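Encoded as structure tokens, the structure appears first; notes follow it.
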Amino acid sequence: MNTKIDALNYYGATKKYPLHFPALQEDIDADVVIIGGGFSGINTALELAEQGITNVVVLEARHLGYGGTGRNGGQVMAGIGHDIEAVKKYVGAAGMETLFKISNLGAGIIRERIRKYHIDADFVPGYGYLAYNQRQLKTLQQWEKEFKAATPEDDIELYTGKDVQQVIGSDVYCGVLKHMGGGHVHSLNLLLGSAQAANSLGVKIFEYSPVVEVSYGKTVRVRTAMGSVKAAKLLWACDSFLNNLEPEIYKKTLVTYSYQVSTEPLSSELVERISPLRGAFSDIRPVINYYRLTKENRLLFGSATRFLEYTPHDFAAWNRTLLTEVFPYLKDVKIDFYRFCLGRTDGKSILPGADRWPVARICFRRLARFVNTIMFFMFRVIPDLASRLPILYAKSWPKE
Numbered sequence: 001m002n003t004k005i006d007a008l009n010y011y012g013a014t015k016k017y018p019l020h021f022p023a024l025q026e027d028i029d030a031d032v033v034i035i036g037g038g039f040s041g042i043n044t045a046l047e048l049a050e051q052g053i054t055n056v057v058v059l060e061a062r063h064l065g066y067g068g069t070g071r072n073g074g075q076v077m078a079g080i081g082h083d084i085e086a087v088k089k090y091v092g093a094a095g096m097e098t099l100f101k102i103s104n105l106g107a108g109i110i111r112e113r114i115r116k117y118h119i120d121a122d123f124v125p126g127y128g129y130l131a132y133n134q135r136q137l138k139t140l141q142q143w144e145k146e147f148k149a150a151t152p153e154d155d156i157e158l159y160t161g162k163d164v165q166q167v168i169g170s171d172v173y174c175g176v177l178k179h180m181g182g183g184h185v186h187s188l189n190l191l192l193g194s195a196q197a198a199n200s201l202g203v204k205i206f207e208y209s210p211v212v213e214v215s216y217g218k219t220v221r222v223r224t225a226m227g228s229v230k231a232a233k234l235l236w237a238c239d240s241f242l243n244n245l246e247p248e249i250y251k252k253t254l255v256t257y258s259y260q261v262s263t264e265p266l267s268s269e270l271v272e273r274i275s276p277l278r279g280a281f282s283d284i285r286p287v288i289n290y291y292r293l294t295k296e297n298r299l300l301f302g303s304a305t306r307f308l309e310y311t312p313h314d315f316a317a318w319n320r321t322l323l324t325e326v327f328p329y330l331k332d333v334k335i336d337f338y339r340f341c342l343g344r345t346d347g348k349s350i351l352p353g354a355d356r357w358p359v360a361r362i363c364f365r366r367l368a369r370f371v372n373t374i375m376f377f378m379f380r381v382i383p384d385l386a387s388r389l390p391i392l393y394a395k396s397w398p399k400e
């Protein structure tokens, strides 16, 4: 057990679905086998089942949501995480509008899935993109135009100067783009509710069934310690804990780390001061701070280290420092939970908005990662980034 990764976090303490699935202990056949029981794996299985492909098997090495899905920021957001003008050179104005429409689909899919399957996931509408300086504010001005063109029905408004305080109670920002089409959600409950729905449609889910070998041929055979699955199709959806099961993917990835603290329940006065919107927020720097208020009036505040830096030994204290830089009036608030998230990127991404490499958000927005993948293959920037960068490995590197 890794004490950082396995420590009880806010999501684990507030989950509402006591789901337990057996370990695989036999040899079975399937149309599709999916390795990984997070958002990517479960949502793919549910989508397949909705399309009538129900002979689907999901294999999870630990319990559902053990990885980033069960410990992320819960942000439901849109956008492409790139400099708009740079991307527009390749795709044109019409292509840019299409990309923003695609990125906006995610929030709608989530809301519809919650409604359709009655998932208790505490969805709250409202998102704020935050700017620290004039350059970032210019980016938000571009995003405002693209968002409004993509979803004119959404309430989208840019606040600057003193008006920022109407949305977020901090003096460190010069602008905030409010997007009511986004929001936040209890990510673990969303996953478990989706898994329950997939299982009800016939999807077979197995927990504590780590894959030990994959054999390719006319069919794919995936072997675990006590069983196996023979299938026509295989989907890799294990992200952080891919290890070396699929070398061609693994060697093109980098490990990243994100941290989050959860405060004690706050008074209604503090909640109103932080944000009357009660939405989710993130700045648009290459390595972001992100935060939101929960149903219990806790503030969940997270960030990540740049991958060329050492991992903090006391990341709860490190996160508290970042929190009080944004909200100095919370310096004496008690921290009830912290969470450590091991993430793995695909060699093109760290967090949204980097200037040198295409990027993907390591948080909730899986659909938008598809958009970032398009950008990556379009630009082909440093194809083998993982093997070329002089990386300083962290002293406190967690064992996978």
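Here full-length UniProt numbering is used: the first residue of the sequence shown is 1, the next is one more, and so on.
For each residue, glycine too, the CB sits at the ideal point set by N, CA and C.
Bear in mind the structure is a predicted one, so any value in this text is a computation, not a measurement.
Would you kindly work out how many angstroms separate the C-alpha atoms of residue i and residue j, rounded to a whole number?
{"i": "K348", "j": "L254", "result": "Confidence at K348 is low in this model, with a pLDDT of 37, below 50, so the placement of that residue is unreliable and no value is reported for it."}
{"i": "residue 447", "j": "N289", "result": "Absent from the model: residue 447. The displayed extent of the chain is 1 to 400, so no value can be given."}
{"i": "I274", "j": "A197", "result": "35 Å"}
{"i": "G169", "j": "D120", "result": "29 Å"}
{"i": "K148", "j": "L8", "result": "40 Å"}
{"i": "A23", "j": "Y208", "result": "5 Å"}
{"i": "F206", "j": "T14", "result": "23 Å"}
{"i": "V185", "j": "S262", "result": "15 Å"}
{"i": "M1", "j": "N189", "result": "With a pLDDT of 47 at M1, under the threshold of 50, the modelled position of this residue cannot be trusted, and the question is left open."}
{"i": "T294", "j": "L300", "result": "7 Å"}
State yes or no: is the C-beta of residue i within less than 7 Å of the C-beta of residue j?
{"i": "Y10", "j": "F337", "result": "yes"}
{"i": "S303", "j": "L277", "result": "no"}
{"i": "T69", "j": "G38", "result": "yes"}
{"i": "Y257", "j": "N319", "result": "no"}
{"i": "L137", "j": "Y173", "result": "no"}
{"i": "G65", "j": "L191", "result": "yes"}
{"i": "residue 402", "j": "S187", "result": "As shown, the chain starts at 1 and ends at 400. That puts residue 402 outside it, with no answer to give."}
{"i": "A30", "j": "N55", "result": "yes"}
{"i": "L59", "j": "V211", "result": "yes"}
{"i": "W236", "j": "I35", "result": "yes"}
{"i": "I84", "j": "L99", "result": "no"}
{"i": "T324", "j": "K331", "result": "yes"}
{"i": "V32", "j": "A231", "result": "yes"}
Give the C-beta separation of residue i and residue j to the nearest angstrom, bearing in mind that I take them to be a contact with Cβ-Cβ under 8 Å.
{"i": "V87", "j": "K204", "result": "Actually they do not touch by this definition, with Cβ atoms about 40 Å apart."}
{"i": "T151", "j": "I284", "result": "Not a contact, Cβ separation roughly 19 Å."}
Quick check on residue i: buried or exposed, where buried means 16 or more other Cβ atoms within 10 Å of its Cβ?
{"i": "K218", "result": "exposed"}
{"i": "M375", "result": "For M375, the pLDDT reaches just 39, beneath the cut-off of 50, and the residue's location in the model is therefore unreliable, leaving the point undetermined."}
{"i": "M77", "result": "buried"}
{"i": "R298", "result": "buried"}
{"i": "I350", "result": "For I350, the predicted model reports a pLDDT of 31, less than 50, meaning its position is unreliable; a value from the coordinates is still stated below. Its Cβ being crowded by 16 or more others within 10 Å, I350 is buried."}
{"i": "S103", "result": "buried"}
{"i": "G183", "result": "buried"}
{"i": "S240", "result": "buried"}
{"i": "N43", "result": "buried"}
{"i": "S226", "result": "This sequence places Met at residue 226; Ser is not what is there. With fewer than 16 Cβ atoms within 10 Å of its Cβ, M226 is classed as exposed."}
{"i": "H20", "result": "exposed"}
What residues match up with residue i in a beta bridge as DSSP calls it?
{"i": "Y329", "result": "Looking at the DSSP assignment, Y329 forms no beta bridge with any residue, so it has no partner."}
{"i": "Y17", "result": "BP columns for Y17 are empty, so no partner."}
{"i": "Y10", "result": "Y10 is not bridged to any residue."}
{"i": "G279", "result": "Its beta-bridge partners do not exist; DSSP assigns none."}
{"i": "V58", "result": "I34 and I205"}
{"i": "E213", "result": "R223"}
Please report whether the beta-carbon of residue i lies at a distance below 7 Å from any beta-carbon of chain B.
{"i": "E85", "result": "The structure shown contains no chain B; it holds only a single protein chain."}
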